[in-house]
Structure formats: structure tokens, C-alpha cells
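Heads up: the structure comes next, in C-alpha cells.
There are 2 protein chains.
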Amino acid sequence: MNTKRDQIISTTCQLIETQGYHATGLNQILAESGAPKGSLYYYFPDGKDGLVEEAIARTSQLIVARLQEGLAAYESPAEAIPNFLRSLAHHVQASSFESGGPITAVALEAASTNERLNAACRDAYQAWQKVIEQKLLDSGYEPVRARRLGMLVIAIIEGATILSRSERNVGPLLDAALELEALL
Amino acid sequence: MNTKRDQIISTTCQLIETQGYHATGLNQILAESGAPKGSLYYYFPDGKDGLVEEAIARTSQLIVARLQEGLAAYESPAEAIPNFLRSLAHHVQASSFESGGPITAVALEAASTNERLNAACRDAYQAWQKVIEQKLLDSGYEPVRARRLGMLVIAIIEGATILSRSERNVGPLLDAALELEALL
DNA sequence: GTCTATAATACGATAGAC
DNA sequence: GTCTATCGTATTATAGAC
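Going down the list, the protein sequences come from chains A and B.
Residue numbers for the first sequence follow the working numbering, beginning at -15 and rising by one.
Residue numbers for the second sequence follow the working numbering, beginning at -15 and rising by one.
Okay, here's the thing in C-alpha cells:
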């Protein structure tokens, strides 16, 4: 296991979540990760884009795991999904609104200008939607609706997180959880 | 009326919508707006942040107007709001997925790092939520619920737009419209 | 109002020594 | 694996001429 390389990736995950892609410089990544300054292009010969692509993929897997774990805690999706939003609200507040929506900024920055990173974000979003969709299928939702709701839940999480971080108030995430209880 | 100054602002609106804040340089703004190179700090003595702050405010007003106009076309919010999402989907597709979520990227880039721009985005989001909330109040929704749904609708618009731009497919926006019909 | 010139700094990336 | 040094190019911003 290459722990230095790992450290660079996880620092990148944190910085792009808080600041986005363009605001996060390689110098800052090196400095905060404590990695040796000469090692970046040794570990990531593709440069910044290769590094960020890996960071997005790692974040994607982490969120999939968190989603699966959170949803497994309740049998009914109508309980499990709103409670996942509440745990997310807790996480956002605990980070002083510096975390939440770990790839959203990059997704928008890259959507029209960087096909490689756009693809990485698209894959992440689709993976997250699938976890929700599967939970709904397992409890008997019709396939078409399960797919649609999988999308909607991720969209609501993204949107409510943006509003919560912007207001520095988790009200939007908590209110969204309430409305999802009514919808599911 | 200062049309040169206006041109700079509207070019800035378009660029931050497509690319975000940090990816949009002053040089690019000047070049694409056709404004004279020496005039930027004459019109915007506060520099980039002052300019972007005005761009966000202008975008905010434009969206308020579009929302009010769109919602006024149908008496029932359960018709009006989903149809607004459909018109938004059309707009996103017509722009080849370069438009949509006009301040989302900036909101996230600025949330933790630029209080001035964060405040501008927060004000915009609150203004948009109020338009939805008022439409719901007018048709008899309970005040607490109207407020909550005003937030949720904006969150869904933000989230579904992100997913649509990321996938280059307006399916998420159209599906969200369908689910909002069921919810409202 | 608009221009040029430039300061001061940061960026991503590469080369070559060790 | 890690280093330093550096290239080339962006960035925001300012000073001063016209």
C-alpha cells in the first residue's frame, strides 16, 4: 500500500469538496497532504486531471458505501432515506458547512469544459442513484418509478446541500427529509 | 444607460454559469464582451468580486422574472411548477448543456471561501424560493408547508439541473417534473 | 474613458540532478 | 522516490499616459 499516494488523493478529495476544481492548486494539495514536493508527477503522471479523476472515483465509492450502510439500517426506504438526509445534515453542520456535495462543484465546473472529469462525475452520480433505486426495488417499487425516484433523491440531496451550505443552516436538508417522508 | 458596462456584466453572467468563478478570468470576460481592455477597473473599482457580485444579482433578478412569468401561466401550482421545469429542460438542451444552474458553481466555490459572493448567492436562492412560496400561498397552501416546498422546488431544480448537465440529457429535469406533479 | 505597460503572484508542467 | 530549478503561461491588479 502506498500511503503517500493515498494521502495526496484524500487531501484532494477534501479540497475539491470545499473549494472546487480550479480553486484547488497542486501546491495546496502538496502542502496540506504533507507529501514531498517532487513526488506528485511521479505518482500522477497525468497531472492534475488524473489526480482529480482518482479523487472523484474514491469519493464516489465512499458515498456508495455510506449510502448502503445508511439505507440498510431501516427496512423501509420511507424511513431509511429521510434518515440518511438527517445524518447528512449532521455531517454538514459538523464540518462548519465546508463539506457536503463532495463533487458538485467539480461536476459543474467540468460539465462543459472537461470531458474526462465530466465522465467521472457522471459515473459517480449514476452509481449513487443506483443504490437508492435498488433499495426501492427491494421493497416492491415499480422499476420505472424506482429509477425516477433514485434520480430525484440524489437531486434533492444535491440541491438541499447547496442551499444548506449557502445559508450555513441545515434547515433545507432537514425540511427535505420531511418532504421525502411524505413522498415515499 | 451604460451599455458597455452592461455588456461586461451579461458576459460575466454567461461565463460563470458555464464555467464557475475561478475558471472565468477577467481577460476572457473582456475579450468576449468586446469591452475595451482599459475599462474594467473604471467600471468595477472593486475588481472581480464586485463584478461577479453584480452579475449574480442580475442573474437573480432575471430568474425571479422568469419564475413569475412561468408560474403566472397556470393557476394551479401543480401545473405551473412542473411546466416550469419542462421549460427549463428545453432551455438547458437548447444551450447544449452549457446553461442551467446559473449561480450553482459560484455558490459552492464561494460557500466556504468568499463571504461576499456567498451572501449574494444566498440572497438569490432566498428570492427564488419566495416566488414559489408565494405561488403556493396564493392557492391555499399552509404557510409552513409553502415555505418548505418553496425550498424543495428550488433544491430539485438545482439538483436535477446538475444531473442533466452532467449526463447531457434532460431526462432528470423531465422526471423531476413528473414527480413534482405527484407531490403538489 | 480608454489605453499600454507592468507589477506581483500563482498556476500546471517538465527537466535533470541525486 | 524525491529534490530543485525553471519554463511558459495564466491570473488579478495598479500606475500613468493620453
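Even glycine gets a Cβ: it sits at the ideal position worked out from N, Cα and C.
Could you check how far apart the C-beta atoms of isoleucine -8/A and leucine 35/A are, in whole angstroms? I think they sit under 8 angstroms.
By 1-based counting over the first sequence, the position of residue -8/A is 8. By 1-based counting over the first sequence, the position of residue 35/A is 51. Confirmed, about 7 angstroms.
Within 9 angstroms of any Cβ in chain B, is that where the Cβ of asparagine 102/A sits?
On the first sequence, position 118 is the one that residue 102/A refers to. Closer than 9 angstroms to some Cβ of chain B, the Cβ of asparagine 102/A qualifies, so yes.
Member of Ser80/B, Ile87/B, Gly54/B whose CA lies at the smallest distance from the CA of leucine 69/B
The count along the second sequence starts at 1 and reaches residue 69/B at position 85. The shortest Cα separation from leucine 69/B among Ser80/B, Ile87/B, Gly54/B belongs to Gly54/B.
Is phenylalanine 81/B close to chain A? Criterion is C-beta to C-beta, closer than 9 angstroms.
Sequence index remark: in the second sequence, residue 81/B carries index 97 (1-based). True, the Cβ-Cβ gap to chain A drops below 9 angstroms.
How far does the alpha helix (DSSP H) with proline 66/B in it reach, from first residue to last?
Counting from one through the second sequence, the residue named residue 66/B turns up at place 82. Segment 61 to 78, the alpha helix (DSSP H) holding proline 66/B.
Count the C-beta pairs between the stretch 77 to 91 of chain A and the stretch 131 to 149 of chain A that are closer than 8 angstroms, then say yes if the count reaches three, no if not.
For the pair of segments examined, the stretch 77 to 91 of chain A was found to touch the stretch 131 to 149 of chain A: the number of CB pairs separated by less than 8 angstroms reaches three.
My assumption, with CB atoms under 8 angstroms, is that glycine 18/A sits in contact with glycine 4/B. Please give the rounded CB distance.
In the first sequence, counting from the first residue as 1, residue 18/A sits at position 34. In the second sequence, counting from the first residue as 1, residue 4/B sits at position 20. So it is not a contact: roughly 28 angstroms between Cβ atoms.
Note the first and the last residue of the continuous alpha helix (DSSP H) segment covering glycine 143/B.
Stepping through the second sequence from its first residue, residue 143/B is reached at position 159. Glycine 143/B: member of the alpha helix (DSSP H) spanning 127 to 151, first to last residue.
Short of 6 angstroms in beta carbon distance, which residues of its chain neighbour aspartate 175/B, apart from the five on each side in sequence? Order them along the chain.
Here chain B comprises residues numbered -15 to 168, so residue 175/B is not present and cannot be evaluated.
If you draw a straight line from the alpha carbon of isoleucine 187/A to that of serine 23/B, how long is it in whole angstroms?
Any question about residue 187/A goes unanswered here, given that chain A covers just -15 to 168.
Just to make sure I have the definition right: I need the residues of chain A whose C-beta is within less than 9 angstroms of the C-beta of isoleucine 47/B. Which are they?
Taking the second sequence and counting its residues from 1, the one referred to as residue 47/B is at position 63. Residues of chain A with a Cβ closer than 9 angstroms to the Cβ of isoleucine 47/B do not exist; the shortest Cβ-Cβ separation is about 15 angstroms.
Using beta-carbon positions only, say whether serine 123/B and proline 66/B come within less than 9 angstroms of one another.
Here residue 123/B refers to the residue found at position 139 when the second sequence is read from its first residue. Here residue 66/B refers to the residue found at position 82 when the second sequence is read from its first residue. Not closer than 9 angstroms, so no.
With 16 other Cβ atoms within 10 Å as the buried cut-off, status of histidine 74/B:
Here residue 74/B refers to the residue found at position 90 of the second sequence. Label assigned to histidine 74/B: exposed.
Interface residues of chain A facing serine 44/B [CB-CB closer than 9 angstroms]
Here residue 44/B is taken as the residue at index 60 of the second sequence, counted from 1. Chain-order list of chain A residues neighbouring serine 44/B: empty, with the shortest C-beta distance near 13 angstroms, by a criterion of under 9 angstroms.
Measure from the C-beta of aspartate 159/B to each C-beta in chain A and report whether the shortest distance is under 9 angstroms.
Stepping through the second sequence from its first residue, residue 159/B is reached at position 175. Closer than 9 angstroms to the CB of aspartate 159/B there is at least one CB belonging to chain A.
Let me know the secondary structure DSSP gives serine 23/A once reduced to three states.
Numbered from its first residue, the first sequence carries residue 23/A at position 39. If DSSP states are grouped into helix, strand and coil, serine 23/A belongs with coil.
Nearest-angstrom beta carbon gap, isoleucine 0/A and valine 76/A [assumed within contact, 8 angstroms]:
The residue given as residue 76/A occupies position 92 in the first sequence. The residue given as residue 0/A occupies position 16 in the first sequence. Wrong, their Cβ atoms sit about 16 angstroms apart, outside the cutoff.
Helix, strand or coil for glycine 18/A? Go by DSSP, reduced to three states.
By 1-based counting over the first sequence, the position of residue 18/A is 34. It is coil, neither helix nor strand.
Proximity below 9 angstroms, CB of proline 156/B to CB of alanine 139/A
As a working note, residue 156/B is residue 172 in the second sequence. As a working note, residue 139/A is residue 155 in the first sequence. With respect to the 9 angstroms criterion, proline 156/B and alanine 139/A are classified as neighbours on the basis of their beta carbons.
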